[in-house]
Structures are given as structure tokens and as C-alpha cells.
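Remarks on the structure that follows.
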Amino acid sequence: MSLEEAFWNEFRAIARAEGKALNALAAEIDETRGLEAGLASAIRVYVLKYVKARADG
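Residue numbers (the UniProt record's numbering): 1 to 57.
Here it is in C-alpha cells:
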């Protein structure tokens, strides 16, 4: 799977914050992504939503 370094860094930080293994978090996202999006795209959207939710408080 190909992600830009910034997304990898944030994805790793999210996994740590959630107390999950990186592969486990990726599997959760994979299960819910549907067929219209690839896994890398789904992870990018997940990271964006996670970061935005933190910023919104």
C-alpha cells in the first residue's frame, strides 16, 4: 500500500493513540471502506477525519 510519508506518520500516531496495532487498524478501515475506494484512499480519508475531529474538539 502506498501512502505519503505525512499520512503514514499520522496513521501510526493514531494507531498508538487508539492502542491498536497498525495492521489491526488498517483491517478495521478495510472492512468498512466499501468497493468504491481503495484501501490507501480509505486510510487517507480516515486520517483526515480523525485529525479534523481532534481539531474540532
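Beta carbons: idealized from backbone N, C-alpha and C, even for Gly.
What you are looking at is a predicted structure, and each value in this text was computed from that prediction instead of being measured.
Practice prompt. Over the uninterrupted alpha helix (DSSP H) stretch that includes GLU5, give me the two end residues.
Written response: Run containing GLU5: 5–18, per the alpha helix (DSSP H) assignment.
Worksheet item: By Cβ distance below 7 Å, which residues in the same chain neighbour GLU10 in space, the five residues on each side in sequence not counted?
Response: Within the same chain, and ignoring the five residues on either side of GLU10 in sequence, the residues whose Cβ sits closer than 7 Å to its Cβ are VAL47 and VAL51.
Discussion item. Applying the 10 Å Cβ sphere with the 16-neighbour rule, what's the burial state of LEU25?
Written reply: When all chains shown are included, LEU25 counts as buried.
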